[in-house]
Amino acid sequence: MEDDYKIRMVEEFHELKDRINKINDIIEKYNNGEREHISVREASMMMAQSYIMQDYALVLFDRLKAAGINPESDDVEPEEKPLPPEPQSHGFFIPRDGKPYLILHDMDGTWSYVTNTLGVMRKIHSWSELPYDINKFNGYFNWEQLVEDLQDSAFPLIPLNGLSMLAIAKALADND
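Here our numbering is used: the first residue of the sequence shown is 2, the next is one more, and so on.
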């Protein structure tokens, strides 16, 4: 009776690994062009869900180790922490943690970001590019470099559209 929680943790860990494998199979099919009925938005949410589930698996595995439990399978140890899922859509994003960054995933597949101010919002030429003359412009990155620059709490990123960009511009103007 005293060790029931240990049994439940091991079962939970194995169920979680199974669910992670299933969602990753769907994501892999999507990335390989088997889109079926999955929208870009749904695929992005599934990628975020997978990332969070993998993070949870790492914490659960650490709890198992701390409790002196060795699940009976050799393949149970999670790999090192995965990168958060890279959004497949292009355009502007903001970090989930509320940091004042405006992040761009351009049509070339590269990433860049600036500190979001009203001046930045006024200089945006279109919904898919940042002008090169914005102060503190942080070059072009691949996904791994962007993840390294930002903190874990920034992910998954929140996509913006024209309406949300206008709301952000108004909020920034109200704060000036």
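Idealized CB from N, CA, C, for every residue including glycine.
Distance CB(arginine 20)-CB(methionine 54) smaller than 9 Å: The residue labelled residue 20 in the question sits at position 19 within the sequence shown. The residue labelled residue 54 in the question sits at position 53 within the sequence shown. In contact: arginine 20 and methionine 54 (Cβ atoms closer than 9 Å).
Check whether the Cβ atoms of proline 96 and phenylalanine 156 sit closer than 9 Å, and answer yes or no. Position 95 of the sequence shown, counting from 1, holds the residue named residue 96. Position 155 of the sequence shown, counting from 1, holds the residue named residue 156. For proline 96 and phenylalanine 156, yes; Cβs fall inside 9 Å.
Is DSSP giving serine 40 helix, strand or coil here? Position 39 of the sequence shown holds residue 40. Coil, per DSSP.
From the DSSP output, in three-state form, read off isoleucine 70 for me. Counting from 1 along the sequence shown, the entry for residue 70 is found at position 69. In the three-state scheme derived from DSSP, where H, G and I count as helix and E and B as strand, isoleucine 70 is classed as coil.
What is the DSSP secondary structure of serine 113, reduced to helix, strand or coil? On the sequence shown, residue 113 is found 112 positions in, with the first residue counted as 1. Residue state, collapsed to three classes: strand.
Using a Cβ distance threshold of 8 Å, determine whether the segment 59-74 contacts the segment 5-15, with at least three qualifying pairs required. yes
Hey, arginine 42 and serine 90: beta-carbon distance below 9 Å or not? Numbered from its first residue, the sequence shown carries residue 42 at position 41. Numbered from its first residue, the sequence shown carries residue 90 at position 89. With respect to serine 90, arginine 42 sits close: the two C-beta atoms are nearer than 9 Å.
Measure the Cβ-Cβ separation of tryptophan 112 and leucine 103 and say whether it is below 9 Å. Your numbering for residue 112 matches position 111 in the sequence shown. Your numbering for residue 103 matches position 102 in the sequence shown. Against a cut-off of 9 Å, the Cβ pair of leucine 103 and tryptophan 112 comes out as no contact.
Taking the alpha carbon of leucine 61 as the point to measure from, which residue in Ile39, Glu29, Leu17, Gly92 has its own alpha carbon closest? As a position in the sequence shown, residue 61 is number 60, starting the count at 1. Check the Cα spacing between leucine 61 and each of Ile39, Glu29, Leu17, Gly92: the tightest is with Leu17.
Quick check: the Cα distance between leucine 158 and isoleucine 39, rounded to an integer number of angstroms? As a first step, residue 158 is located in the sequence shown; it is residue number 157 there, counting from the start. As a first step, residue 39 is located in the sequence shown; it is residue number 38 there, counting from the start. Between leucine 158 and isoleucine 39, the C-alpha separation is close to 19 Å.
Between which two residues does the beta strand (DSSP E) holding phenylalanine 94 run? For this step, residue 94 is matched to residue 93 along the sequence shown. 92-95 is the extent of the beta strand (DSSP E) around phenylalanine 94.
Considering leucine 103, what are the terminal residues of the beta strand (DSSP E) in which it resides? Numbered from its first residue, the sequence shown carries residue 103 at position 102. 102-106 is the span of the beta strand (DSSP E), which, as asked, contains leucine 103.
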